[in-house]
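Report on the following structure.
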Amino acid sequence: MLSSQLAKSIEQQYQKKTPIEHVLERPDTYVGSTERMKKKLFCLDSVNNIKLKEVDFIPALYRIIDEILVNAVDNHHRKGTHTNELRVTIDEAKNWIHIRNNGKSVPVEMHKIEKIYVPELVFGNLLTGSNFDDNEVKFTGGRNGYGAKLANIFSTDFTIEIMDHKGTHYIQNWKKNMSQISTPTIVENKQKTEPYIQVSFHPDFKKFQSTGLNKELNMIDLLKRRIYDLSACNPKLNVYLNDKKVEVDNFKEYVKLFYQNNSSGEHPEKMFVHKHICDGWEIAIGASVGEEFNQISFVNSIATVQGGSHVNFVLNQLSTKISEYIAKTYTDLQLTISPYMVRNHITLFINSLIENPTFDSQTKETLTTKSISFAQKVVISNDLINSIANHTPIIDNIIAFANYKQSSASSKKFKKRESKLLIPKLDDANLAGTNRSMECVLILTEGDSAKALAISGLSVVGRDRFGVFPLKGKLLNVREASADQIRDNQEIQNLKKILGLDDVSKTDSFEELTKRLRYGKVMLMCDQDHDGSHIKGLLLNMIHFFYPELLRNNFVDEFITPIIKVSKGSDVKSFFSIPEFQNWWTKVPENEKNRWNQKYYKGLGTNSSKEAKDYFSNLKRHVIALQYDDDSEPNIELAFSKDLANARKSWVASLKDGTFLDTTNGKVTITDFINNELILFSNQNNIRSIPSIVDGLKPSQRKILFACLKRDLKDEIKVAQLAGYVSEHSAYHHGEQSLYGTITSMAQDFVGANNIPLLYPSGQFGTRLQGGDDAASARYIYTRLNKLTRLIFLKEDDQILDYQEEDGMIIEPKFYLPIIPMLLVNGAEGMGTGWSTSIPSFNPIDLIDSLNILLDSNAENIGNVKLPSLDMWARGFKGKIEMNDSGKFISKGIFKMKSRGDSIEFDISELPIGEWTENYKSHLQSLVKKGLIKSKITERNTENSVGFTIAINDPDEFSESQLKKLKLEKSFSLSNMTVFSENFDIIQFSNVNDIIKQFYLVRLSYYHQRKSHLMKQLEKQIRILSNKVKFLNFITSNESNLNTFIKTKKENIPSFLTNVVGIVVDPTTIEQSFNYLTDMNILSLTHEHKDRINKQLESAQQELQQVSSDDPKLMWKRDLKRLRDELTKSENWVV
1 MLSSQLAKSI EQQYQKKTPI EHVLERPDTY VGSTERMKKK LFCLDSVNNI
51 KLKEVDFIPA LYRIIDEILV NAVDNHHRKG THTNELRVTI DEAKNWIHIR
101 NNGKSVPVEM HKIEKIYVPE LVFGNLLTGS NFDDNEVKFT GGRNGYGAKL
151 ANIFSTDFTI EIMDHKGTHY IQNWKKNMSQ ISTPTIVENK QKTEPYIQVS
201 FHPDFKKFQS TGLNKELNMI DLLKRRIYDL SACNPKLNVY LNDKKVEVDN
251 FKEYVKLFYQ NNSSGEHPEK MFVHKHICDG WEIAIGASVG EEFNQISFVN
301 SIATVQGGSH VNFVLNQLST KISEYIAKTY TDLQLTISPY MVRNHITLFI
351 NSLIENPTFD SQTKETLTTK SISFAQKVVI SNDLINSIAN HTPIIDNIIA
401 FANYKQSSAS SKKFKKRESK LLIPKLDDAN LAGTNRSMEC VLILTEGDSA
451 KALAISGLSV VGRDRFGVFP LKGKLLNVRE ASADQIRDNQ EIQNLKKILG
501 LDDVSKTDSF EELTKRLRYG KVMLMCDQDH DGSHIKGLLL NMIHFFYPEL
551 LRNNFVDEFI TPIIKVSKGS DVKSFFSIPE FQNWWTKVPE NEKNRWNQKY
601 YKGLGTNSSK EAKDYFSNLK RHVIALQYDD DSEPNIELAF SKDLANARKS
651 WVASLKDGTF LDTTNGKVTI TDFINNELIL FSNQNNIRSI PSIVDGLKPS
701 QRKILFACLK RDLKDEIKVA QLAGYVSEHS AYHHGEQSLY GTITSMAQDF
751 VGANNIPLLY PSGQFGTRLQ GGDDAASARY IYTRLNKLTR LIFLKEDDQI
801 LDYQEEDGMI IEPKFYLPII PMLLVNGAEG MGTGWSTSIP SFNPIDLIDS
851 LNILLDSNAE NIGNVKLPSL DMWARGFKGK IEMNDSGKFI SKGIFKMKSR
901 GDSIEFDISE LPIGEWTENY KSHLQSLVKK GLIKSKITER NTENSVGFTI
951 AINDPDEFSE SQLKKLKLEK SFSLSNMTVF SENFDIIQFS NVNDIIKQFY
1001 LVRLSYYHQR KSHLMKQLEK QIRILSNKVK FLNFITSNES NLNTFIKTKK
1051 ENIPSFLTNV VGIVVDPTTI EQSFNYLTDM NILSLTHEHK DRINKQLESA
1101 QQELQQVSSD DPKLMWKRDL KRLRDELTKS ENWVV
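First residue of the sequence shown: 1, per full-length UniProt numbering; consecutive thereafter.
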């Protein structure tokens, strides 16, 4: 019975989520973000021209409609369907979308294997369709078997209507996110009519935090443009929008819409050239629409809004050939026109048919099919370049820009290269800033200790050609920073000055840049850990963003040092990445491992001066060239552009175990660096930032808890001392400063911090005044375990935890096993790579009650167990928390309004959760400056309570919108509750009860393990006690037995004990030692001691009987009761 229960819970654990639930809870993976966003996109305007404008839309809502559109067009591309008409109706009043295409489509037949009709199979079941045969050449958009099903899942109502070529009329309906399905209505028509298929659906607007199509006007404009896309890409397809034919019959007519009413006043056809460059490929190259390069591309009618390999392949050829054309034609032009400069002056349009295309994700925004796999030979001819020169203003625009740059350069008084700069901590190369600057190398180090290492190395190579500058930490991601942020960032400005590039432009040619450069190379000298990789990536990102021509000319090298050295006598091996070491370590025989000494190089500062000199004496091994390749730029953007967050998720998910950057050749491409080294940081960033669903902890928090439990920390210790202990005993490889902050936050107990702090705060650990930022130094505050912690993380579970091993020591487990979901007790926030998490906090007593409901349930599938809806909760919060129509929690502060003379006074006595008092005071002061409130602000704030009194300037004009400006409400979404599962997969939840149920399944399985472990321990104890009794009976029964034993040779004692005395051994472990018998002292060989052992044996046997008859569910309920009793006994949960 026990094994079947355990098997069932494990089966539930791995099959709990239905595919539909998975789609709904992780929409980003399938349809993109369900959050509203603003973005500059090309839209159809009121007169049906296409303009670039900022739109406010919901990507996921747009995507599900597009999935049906692409399905319809796919039918047009399939052979023998005779599909030549597509009709789209957008009913804004009733919130329905109708998409209909004629031609042969899904057969109305019973599927012999699945025993359902084919339309029901392909529209109502995920991972079904006709696109799975990769050996068949297809020019369709569908690939993975999701498509229309995604629209069905995200709809409250979804209907298909099919008339097949035999005259069979088929209608079927799904409701409530594809969870309810009707029996199909099938009518055989005697007279055959034209076959067609129509899909009609009502999106579930609550899933998109919207109220209907009439509120999504920007998206309607986007959809209209999308319908124009389809008409343009498929000239043999007649497309209708709301019963009106789209009068764009081909791709060339479509491109004209981008240039109607252009600023130059030219006829649209004089702004671009159009050409069919090969079978299935047509392109148009036009003047820049906007201030930078834009691309509008399609693959099998799919809009690849982020471009991809097809765009890169054409663009690289195009920009290079235009650059070469200008160089040959305009020989008197002093400025070299680089391919990168060309790009900024063109807009590229591509309509392509590609066999069996592959994309970065289900949203299909980026084509990933390798260009070498294109069936067609895609070549930009010289004739096309001549057409561009003769029939468009593109070349003239480039030349005009070049002349402007030239005249600017000649009129501009460039600063001379400065041979010496007064920049703190810069050790300039002696030749930097001279006419030999290009010989110089600037070593950028990760911090001051790394600089000291580099300076030691310069004693080998000299100071003439090498300069050193320490970076303070991670560089700003300039790609996503504002102009003000870049201007105010001292480190970025210093780097520009040191390199001599503080007055150049990103469009300058390499030749121009070399005239200004103070260094011919940058060499990155970072720690070999994941953060060092991130710093390298950020520097590459900065160079690419500001000076792309430098990156294209291989301006950046890296200097690598070992992260681990192992030694066995005189045999020393160095490893430059953790995966490289792990690959070697797994091949070392077990009996050899203890002979190797390991040394982990926590940072460059771990290296000695002698090691530095050794490294610089062998630069060939330690200097790695980071070489530019065709995929460098899109990969840098993939890693650092906020617009590619979804693509980053797929990128990180593609990481394979054992991945590392092979540097043995002395050079790597930037693409290899990003995909084999930077990706390791991105993955580690998620591990650091996303908590476990099981214990609610991130790795650094888990290491701290491990150290505290190992030390049984009941007495107070300084936070700084505890950080040192954690670092020493848990193989923590980062700075202890970050541990200070984590330890402090684990002990904070003010409103909006922890509901149950795992550590006790003795001293000033921060308050709600500044959200904990007002905590005292780690040297002055003390902590210990909160007494409640051991009621949540029980000692009985310590032995069944999966402890890890690192640096030759046992460290924290993969996760702890709290008896309640601490993830929901204290909540979580985290920002990883591609993923982030935001989880509100809840009342632990409510969570205990929910777990008890599950424990009391006999349901085979706990997914069917109804749990109460829980409200967000923060201990000590006095305001209200409500859920709005969009499914968000709204935390409301407390205020009272009263008239006083000609003004209205607001008495504010509580702020929303997470709104800190000092921050709110600053906000009120900003409202004073804006004239919304009067200048007098009365305060009654303490470290625990809030008290503000303010007055409104013009009560007659005061409105609901102005009330919102007081920020007395704050929303908390449930759509981004991202966690690591017990199997270390990233899962995103949107329902709190689903988290509770998943936690329940995992935790219950470990209660079974606890019981099994306790029984094994007791069985071993009973075996040992029983053997002791037998041994004592044998020895004390008569003197001859004792003499016989004494005379037995040592090597014969085991067989004597088993064969003569009757000692029992565990056949599964074959105990090799009987020391517990043979080492008994003479005082133990008495009847009195034997009686004592007998009593211990009886007690152990009774305990085993109790444990074996115990139910793991009851064990858990007892633990929960103890905790609940303690929580309800007092409101003080910090003890």
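Beta carbons: idealized from backbone N, C-alpha and C, even for Gly.
Put simply, the backbone Cα of L1014 is about 8 Å away from that of E796. Within the stretch 164-216, the complete beta strand (DSSP E) segments of 3 residues or longer fall at 168-175, 185-188, 196-203, listed in chain order. Taking 4 residues as the shortest admissible run, the stretch 555-639 contains the following complete alpha helix (DSSP H) segments, listed from N- to C-terminal end: 578-585, 590-593, 609-616, 619-622. For S727, DSSP records no beta bridge to any residue. Assigned with DSSP and collapsed to three states, Q1106 falls in helix. By the Cβ-count criterion, V566 is buried, with 16 or more other Cβ atoms from all chains shown falling within 10 Å of its own Cβ. The count of Cβ pairs closer than 8 Å, one atom from the stretch 793-811 and one from the stretch 607-625, stays below three, leaving the stretches out of contact. When only Cα atoms are considered, S609 and S449 end up about 11 Å apart. Here Y1076 is exposed. Its C-beta has fewer than 16 other C-beta atoms within 10 Å. DSSP, reduced to helix, strand and coil, places W651 within a helical segment of the structure shown. Boundaries for T1036: no beta strand (DSSP E) harbours it, while the alpha helix (DSSP H) harbouring it runs 992-1037, taken from the DSSP string. Within the DSSP bridge table, the entry for L759 names L785 as partners. Assignment of W96 by DSSP, reduced to helix, strand and coil, places it in the strand class. Counted as a single uninterrupted DSSP element, the stretch harbouring K79 is not any beta strand (DSSP E), since DSSP gives it neither H nor E. One thing to note: Y816 has its Cβ no nearer than 7 Å to the Cβ of R784. Distance from the CA of V1061 to the CA of I1093, rounded to the nearest whole angstrom, comes to 17 Å. Residue pairing by DSSP puts E910 in a beta bridge opposite I894. Residue L44 holds the alpha-carbon nearest to the alpha-carbon of F258 among A303, T445, T369, L44. Taking 7 Å as the cut-off, the Cβ atoms of E812 and K703 count as close.
In the structure shown, G863 falls within a helical segment according to DSSP collapsed to helix, strand and coil. The beta carbon of K176 sits closer than 8 Å to the beta carbons of T156 from its chain, once the five residues preceding and following it are set aside; these are given in chain order. Under the 8 Å Cβ criterion, the stretch 432-447 counts as touching the stretch 512-524, having at least three qualifying pairs.
Only residues of its own chain outside the window of five on either side were considered, and among them P840, S841, F842, I881, F889, S891, I913, F972 have a CB closer than 8 Å to the CB of M872, listed in chain order.
A distance below 7 Å between beta-carbons, with the five flanking residues on each side excluded, links K714 to the following residues of its chain, in chain order: R784, L785.
For M746, the number of other beta carbons within 10 angstroms of its own is at least 16, and it is reported as buried.
Nearest in C-alpha terms to D672, of all of T659, T1128, L150, is T659. At the C-beta level, K104 and H165 come within 7 Å of one another. Shown here, F359 sits in a strand according to DSSP, grouped into three states.
Residue state for M341 is assigned as helix, using DSSP reduced to three classes. Beta bridge pairing from DSSP links M746 with no other residue. One alpha carbon belongs to E1131, the other to S210, and they sit about 40 Å apart. For V118, there is no enclosing beta strand (DSSP E); the enclosing alpha helix (DSSP H) has its first and last residue at 118-124. With 16 or more neighbouring CB atoms inside 10 Å of its own CB, R768 falls in the buried class. DSSP places T671 outside any beta strand (DSSP E); the residue lies instead in the alpha helix (DSSP H), whose first and last residues are 670-673. If you draw a straight line from the Cα of A148 to the Cα of P195, it comes to about 19 Å.
Shown here, T942 sits in coil according to DSSP, grouped into three states, outside any helix or strand.
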